[in-house]
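Residue numbers (my numbering): 15 to 470.
Heads up: the structure comes next, in structure tokens.
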């Protein structure tokens, strides 16, 4: 029992020491010192990112993810909301793991958190960068109030083929407009990291994801360097220039090589030519997806290829955590490769201020005042109005007169679940009115609303 209590005390002392040292040292010195004390497996653990799963308060340690966090085998988690639940996960990392390193906590906060803004394609129609930046800042404020410190946004892929299912998540086909929006979104999300209502941005999907052939997702991309540099790369470059904390690699092949393991893309271009010094995370399971492209024999080979190309964090493939130690012994990767990736993950946490205060984003009192409040909703309404594009108002049909009979037709007019648009991970449809309900309120006592579902 005495031995057990001594172990707990040492873990707690280690976490407190990390916090104190982080406040006194610069980033390089701090990370150097921290890494000098880490085992190989702890370094590899920082490169592992997994879905948090369904966490009930008080039960985190009993989950598979919770056990991995306590063992030091997890650098980050995602798709969990709630300051109390996230604090419990952070406490596992800080108090139970040997090194007490806090977690990155991510989510796809694409166009709002619980207060929903127009989809990115619609936002781009406003050409209003102040509005775009405000939408990202409000999304960051709400997400951070719920414990999240990292968003997998902005999605900046240039898109030309409307058959591609991710089209609505981007800013359209114009590289100049896309670059302006990228910078505005990064500014809105991140600020200068000093506040508790800013979160880390992630520019995605690097690169050329929107150029997949025939609108087929995960497909190959084959284009000239001239077209690549002039039409497709500018928004990503803008993200690097704006200081985005992270980049996400894409699923597609570029010149026959998966982006996740493309050294020219990640190392030569992003880090070399553009001077980017932040972290690169994979898309969901994309190291494992490399096997489908027949460029890797197995997960171990794919993981080694990705690491050596410049990938730092593996989202959900379990390739790094399961195979890198074996690859190191076999000479397929070097400890320098692992150290580079680990350093960039730790630096991201340092920039966010998590070593100074691991619970910076875990204030449960913020939810009531910062999420889905009247101020945020007014801003969303105003910004939505700026995105409307009216091609022709024949006979001054709009605005609709509040008299007589108004016909409302279509299944989406009387649904909550589809009202918010694509990619709304944190949305709360029970709080929203349907279009039918809103029109009924607006027309009450003045006109008759006739509704028909019209189709399934």
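Backbone N, C-alpha and C fix where the C-beta goes; we use that ideal spot for every residue, glycine too.
Which listed residue (the options) has its alpha carbon closest to that of residue i
i           : options            : result
residue 400 : 103, 149, 270, 236 : 149
residue 328 : 47, 87, 41         : 87
residue 362 : 443, 289, 226, 207 : 207
residue 473 : 262, 312, 358      : Look at the range of the chain in this structure, 15 to 470, and you will see that residue 473 is not part of it.
residue 185 : 175, 340, 139      : 139
residue 180 : 404, 259, 134      : 134
residue 266 : 383, 110, 302      : 302
residue 375 : 390, 122, 295, 157 : 157
residue 191 : 417, 296, 141, 59  : 141
residue 299 : 271, 429, 263      : 263
residue 117 : 432, 172, 360      : 360
residue 364 : 115, 96, 58, 79    : 115
residue 419 : 463, 346, 137      : 463
residue 146 : 455, 132, 305      : 132
residue 293 : 40, 315, 321       : 321
residue 384 : 60, 212, 204, 108  : 212
residue 344 : 314, 330, 49       : 314
residue 371 : 194, 163, 248      : 163
residue 417 : 45, 204, 457, 188  : 457
residue 440 : 159, 198, 243      : 159
residue 477 : 447, 455, 336, 123 : The requested residue 477 is not part of the displayed model; the chain covers only 15 to 470.
residue 228 : 255, 178, 268      : 178
residue 83  : 119, 95, 96        : 119
residue 253 : 171, 269, 281      : 171
residue 124 : 168, 112, 106      : 168
residue 130 : 351, 326, 432      : 432
residue 466 : 442, 426, 277, 187 : 426
Buried or exposed by the 16-neighbour rule on C-beta atoms within 10 Å, applied to residue i
i           : result
residue 402 : exposed
residue 379 : exposed
residue 468 : exposed
residue 47  : exposed
residue 214 : buried
residue 283 : buried
residue 287 : exposed
residue 127 : buried
residue 240 : exposed
residue 201 : buried
residue 311 : exposed
residue 237 : exposed
residue 189 : buried
residue 444 : exposed
residue 414 : exposed
residue 101 : buried
Residue i (DSSP reduced to helix, strand or coil)
i           : result
residue 382 : helix
residue 293 : strand
residue 61  : coil
residue 397 : helix
residue 373 : coil
residue 132 : coil
residue 265 : coil
residue 464 : strand
residue 288 : coil
residue 304 : helix
residue 271 : strand
residue 52  : coil
residue 469 : coil
residue 165 : strand
residue 260 : strand
residue 174 : coil
residue 343 : helix
residue 250 : helix
residue 364 : helix
residue 146 : helix
residue 358 : helix
residue 281 : helix
residue 140 : coil
residue 495 : Because the chain spans 15 through 470 in this model, residue 495 falls outside it and cannot be assessed.
residue 158 : helix
residue 390 : helix
residue 322 : helix
residue 14  : No statement about residue 14 is possible, as the shown extent of the chain runs from 15 to 470 and does not include it.
Beta-ladder partner(s) of residue i, from DSSP
i           : result
residue 328 : 62
Closer than 6 Å: residue i CB and nearest the ligand FAD heavy atom
i           : result
residue 155 : You won't find the ligand FAD in this model; it holds no ligand whatsoever.
Report the residue ranges of all beta strand (DSSP E) runs contained in full by the segment 182–247; include only those spanning at least 3 residues, in chain order. Counting whole runs of 3 or more residues, the segment 182–247 contains the beta strand (DSSP E) stretches 216–220.
Identify every run of the alpha helix (DSSP H) within the segment 74–127, keeping only runs that are complete inside it and at least 4 residues long; order them along the chain. If you keep only unbroken alpha helix (DSSP H) runs of at least 4 residues inside the segment 74–127, you get 78–84, 97–105.
Unbroken stretches of the beta strand (DSSP E), 3 residues or longer, contained in the segment 403–459: Listed in chain order, the complete beta strand (DSSP E) runs (minimum 3 residues) inside the segment 403–459 are 419–423.
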